[in-house]
Amino acid sequence: MTRERFCKIISPIILLLVWYVLAAVIAAPLILPYPHFVLKRLFELLNTIIFWNAFAVTFLRVLLAFVISLVAGFVLGLIAADSKVFSAFLEFPLELVRATPVIAMILPALFWFTSGVVPVFVAVLMCLPIMITSSQKGFEKNPENLEKLFRINSRGIKGFKAFMYIRLPSAMPAFLSGAESAFGLAWKVVAAGEVLSIPKRGAGSLMQQAQVHLESCDVLAITFAIIIVSYLCQQLLKWIASSLCSSQ
Numbered sequence: 537m538t539r540e541r542f543c544k545i546i547s548p549i550i551l552l553l554v555w556y557v558l559a560a561v562i563a564a565p566l567i568l569p570y571p572h573f574v575l576k577r578l579f580e581l582l583n584t585i586i587f588w589n590a591f592a593v594t595f596l597r598v599l600l601a602f603v604i605s606l607v608a609g610f611v612l613g614l615i616a617a618d619s620k621v622f623s624a625f626l627e628f629p630l631e632l633v634r635a636t637p638v639i640a641m642i643l644p645a646l647f648w649f650t651s652g653v654v655p656v657f658v659a660v661l662m663c664l665p666i667m668i669t670s671s672q673k674g675f676e677k678n679p680e681n682l683e684k685l686f687r688i689n690s691r692g693i694k695g696f697k698a699f700m701y702i703r704l705p706s707a708m709p710a711f712l713s714g715a716e717s718a719f720g721l722a723w724k725v726v727a728a729g730e731v732l733s734i735p736k737r738g739a740g741s742l743m744q745q746a747q748v749h750l751e752s753c754d755v756l757a758i759t760f761a762i763i764i765v766s767y768l769c770q771q772l773l774k775w776i777a778s779s780l781c782s783s784q
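Residue numbers (the working numbering): 537 to 784.
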């Protein structure tokens, strides 16, 4: 076993031990319950329909926000790569969004949209700069792409075919890398948006209700569920991305 592999295995064990020590020192389950209590509560929640309905709705919100960001980022990034004027126009709005805290976007959005739309709207705003930048970097004309385009144009292949066979494949690695980051961010932003907007159904709404009723075990259990689902979805997306890149 290599040192790197050993460290990967021992790291979560140490964190778990630290959690147990802190819980014993604090000795207040309301503030920090023991890990096995949280795990037990998580399994109890897994047996409830309310829990699964909430996570299904949250997943749909994440998926909707991700798809909107993906499509809009692809188109805007492509235009920005081919137009220096449009790229300069986008520079300030994108920097403004990157510099704005998530909470500063969620609170105004509560005045503009319904509670169920707020998490999607904010997630799109936060993920769009990532997708636009990734798409733009992928589609920008570097010397290698220009050489390939020249060779293929000399054979009479232009327009859409040249785009599909040259520019799109060369842009996919950067675009898919951005998609991985945006998908992970979408989970975090949607969950935060649900906690503050409290829609009728959602994992974040469950967390907020548990916090109001001082059920710390429920809050931590739902948090871990969100982390696990987000991690699994990201790994699936990473596998799909690596498969697409290797097939080109």
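Each residue gets a CB set at the ideal place from its N, CA and C atoms; glycine is no exception.
Practice task
Excluding the 5 residues preceding and the 5 following tryptophan 588 in the sequence, name in chain order all residues of the same chain whose CB lies nearer than 7 Å to its CB.
Solution key: So the list is empty, once near-sequence residues are dropped.
Practice task
Would you decide whether isoleucine 666 is buried or exposed? Buried here means 16 or more other CB atoms lie within 10 Å of its CB.
Solution key: Its Cβ being crowded by 16 or more others within 10 Å, isoleucine 666 is buried.
Exercise for the section: Ignore the nearest five residues each way along the sequence and tell me which others in alanine 710's own chain have a CB closer than 6 Å to its CB. Expected result: These residues qualify, in order along the chain: Ser670, Lys673, Gly674.
Practice task
Could you tell me whether the Cβ of valine 656 comes closer than 7 Å to any Cβ of chain B?
Solution key: Considering every chain present, this structure includes no chain B. It has just one protein chain.
Exercise for the section: Take phenylalanine 532 as the anchor and find which of Glu627, Phe602, Glu631 has the nearest alpha-carbon. Expected result: No answer is possible for residue 532: the residues shown for the chain start at 537 and end at 784.
Practice task
For the alpha helix (DSSP H) containing serine 706, list its first residue and its last residue.
Solution key: From DSSP, the alpha helix (DSSP H) with serine 706 extends over 704-733.
Handout entry: Which of helix, strand or coil DSSP assigns to histidine 749
Key = Under the three-state reduction of DSSP, histidine 749 is assigned to coil, being neither helix nor strand.
Problem - Identity of the residue in Met662, Leu575, Leu750 nearest alanine 715 by Cα - result: Cα-wise, what sits closest to alanine 715 is Met662.
Handout entry: Local Cβ density within 10 Å of valine 598, reported as buried at 16 or more and exposed below that
Key = Its Cβ being crowded by 16 or more others within 10 Å, valine 598 is buried.
Practice task
For the segment 752-764 and the segment 558-572, state whether three or more C-beta atom pairs, one from each stretch, are separated by less than 8 Å.
Solution key: A contact exists between the segment 752-764 and the segment 558-572.
Exercise for the section: Counting only the same chain and skipping the five closest in sequence on each side, list residues whose C-beta sits under 6 Å from that of phenylalanine 573. Expected result: Taking phenylalanine 573 as the centre and dropping the five residues before and after it, the same chain places the C-beta of Cys753 closer than 6 Å to its C-beta, in chain order.
Exercise for the section: Give me the Cα-Cα distance between valine 633 and alanine 640, rounded to the nearest whole angstrom. Expected result: The alpha-carbon atoms of valine 633 and alanine 640 are separated by roughly 10 Å.
Handout entry: For leucine 568, the three-state DSSP class (helix, strand or coil)
Key = If DSSP states are grouped into helix, strand and coil, leucine 568 belongs with coil.
Exercise for the section: Pick helix, strand or coil for arginine 634, following the three-state DSSP scheme. Expected result: In this structure, arginine 634 counts as helix in the three-state DSSP scheme.
Problem - Whole-number beta carbon distance between isoleucine 642 and alanine 728, since they are thought to touch under 8 Å - result: That belief holds up - the Cβ atoms of alanine 728 and isoleucine 642 are roughly 7 Å apart, short of 8 Å.
Exercise for the section: Could you have a look at glutamine 672 and say whether DSSP puts it in helix, strand or coil? Expected result: Secondary structure at glutamine 672: helix, using DSSP grouped into helix, strand and coil.
Problem - Beta-carbon proximity of alanine 757 to arginine 577, cut-off 7 Å - result: Yes, these two residues count as a Cβ contact at 7 Å.
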